[in-house]
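What follows is a short report on a single structure.
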Amino acid sequence: MTDLSQLEADLSAQIAAAGDLSALEAVRVAALGKTGSVSALLKTLGAMSPDERKERGPQINGLRDRATALIAERKAALEAAALDAQLAAERLDLTLPAPPRRKGGVHPTMQVMDEMVAIFAEMGFSVAEGPDIEDDFHNFTALNFPPKHPAREMHDTFFFHPGEDGERKLLRTHTSPVQVRTMQRTNTPPPAPWIAGGQEPPIRVIVPGRTYRKDSDQTHTPMFHQVEGLVIDKGVHMGHLKWTLETFIARFFETDSVVTRFRPHHFPFTEPSAEMDVGCDRSGGELRIGQGSDWLEILGCGMVHPNVLRACGVDPDVYQGFAFGMGVDRLAMLKYGMPDLRDLFAGDGRWLSHYGFSAFADPNPASGLS
Ligand code: DAH
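In this text, residue positions in the sequence shown follow this note's numbering: the first is 40, and each later residue adds one.
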């Protein structure tokens, strides 16, 4: 084998053996760099005789060209392998299940409000709403609270500063003003946009909403929730009221074993008025509905006072009605066994994920779909 073919065989072997780009670069520099073995051969051409150069020139140049091509080929192969290795290392496995995400849930108060709406909707009630910021007329006067009557003070009202006209707006202390907004037709300012015009009886509405009183302790929060009910028709009496509320309670607590009683009470806007209690058991520091011999007050109710009907432009000699109002937060606590009312408003994510409900559950326990 000639020197050149020996060198070429060595170079080919080294190029093939170069395991990565830097090893290949070292082989290239050693052969084709300024002081490389092939470059050194090329330099000898200048000192040769023309005949000798004619013979050796093409051989040495050919060696250089083949070595250069081999190196380029090897480089491309090494680069492709490096890319493959990188792609394999950085591969994303899209078949892996995504890491679990925290799911939002329905707040127990909203869940219970939805349940109440669903139960009353089945009984033929529709939903009415009114503003949180009320005026004295709707919150008190039209509901037969006499001016300066102490009952106004009972409600620990949050008042706004008087407006330019001297009127003091307030945060509604109960959902009862929506009774007025639902009934009022002729003798009061234009019906608000959230009511589709004052309604001609028969009226059957429930009013879920936020209410406010200056009150804060273990069983009271300054903002809380009520559901109000109002039925106005001809020939309505206490029997209808009792049936409606007893039916509601049985469906709400999902048992027929709940006993109820109506206790005489006083509200300015109903006559007669009553509070409804449910039978419960308080032994062992826990409260259980549907058993035991204790009573727990859960709502106020009564026959709508003729003065209220009159204030709303409804003739009490033609129409009668009943109304009721209950605290949603407290009913939520009772139904789902939550010990402290304030937890409902604390916004603690851990509490909410424990007591919260799926947004996709059917709120109507009677429908059998849940
Ligand atoms: N508005 C009353 C309250 O917040 C609850 C109430 C009692 C509502 C009797 C009524 C009712 O509609 O008839 O204390």
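The beta carbon of each residue, even a glycine, is placed where N, CA and C say it ideally should be.
Looking at the ligand DAH, does it come within less than 6 Å of residue i, judged from the CB to the closest heavy atom?
i, result
"Thr221", "no"
So the candidates are the options; which of them puts its Cα closest to the Cα of residue i?
i, options, result
"Arg349", "Thr41, Phe308, Asp379 and Arg321", "Phe308"
"Thr250", "His304, Pro240, Pro241 and Met262", "Met262"
"Thr41", "Gln223, Ala56 and Ile99", "Ile99"
"Gly318", "Leu338, Val297 and Glu325", "Val297"
"Val217", "Ile328, Glu203, His200 and Phe176", "Phe176"
"Gln45", "Leu135, Leu109 and Leu102", "Leu102"
"Lys281", "Asp316, Glu173, Gln265 and His259", "Asp316"
"Val156", "Ser312, Asp382, Phe287 and Leu109", "Phe287"
When DSSP labels each residue in this structure, what does residue i get in the three-state scheme?
i, result
"Phe287", "helix"
"Ser51", "helix"
"Phe306", "strand"
"Ala181", "helix"
"Pro138", "coil"
"Ile234", "Because the pLDDT of Ile234 is 44, which lies under 50, any placement of that residue in the model is unreliable, and the number read from its coordinates should be weighed accordingly. Ile234 falls in the coil class under three-state DSSP."
"Tyr394", "helix"
"Glu377", "Sequence check: residue 377 is Met here, not Glu. Correct three-state label for Met377: coil."
"Asp272", "strand"
"Gln45", "helix"
"Asp204", "coil"
"Gln330", "coil"
"Val357", "coil"
"Glu267", "strand"
"Arg67", "helix"
"Glu336", "strand"
"Arg300", "strand"
"Gly163", "coil"
"His279", "helix"
"Glu314", "strand"
"Pro247", "strand"
"Ala362", "strand"
"Glu173", "strand"
"Phe198", "strand"
With 7 Å set as the bound, which would you pick, yes or no: does the beta-carbon of residue i sit closer than that to a beta-carbon of chain D?
i, result
"Gly248", "Looking at the structure shown, chain D is missing, and only one protein chain is on hand."
Beta carbon shell of the ligand DAH at less than 6 Å from a heavy atom: His213, Ser215, Glu267, Phe306, Thr309, Gly339, Cys340, Gly341, Ala362, Phe363 and Gly364
Just checking, does the stretch 335–347 make contact with the stretch 104–122 on the three C-beta pairs under 8 Å criterion? no
For the structure I just gave you, are there three or more beta carbon pairs, one from the stretch 264–275 and one from the stretch 360–376, closer than 8 Å? yes
For the stretch 300–316 against the stretch 241–259, are there 3 or more C-beta pairs whose distance is under 8 Å? no
So, do the stretch 145–163 and the stretch 360–380 have three or more beta carbon pairs nearer to each other than 8 Å? yes
The stretch 183–193 touching the stretch 393–402, judged by at least three CB pairs closer than 8 Å: no
So, do the stretch 153–167 and the stretch 239–250 have three or more beta carbon pairs nearer to each other than 8 Å? yes
Can you find at least 3 beta carbon pairs, one from the stretch 328–335 and one from the stretch 282–298, that sit closer than 8 Å? yes
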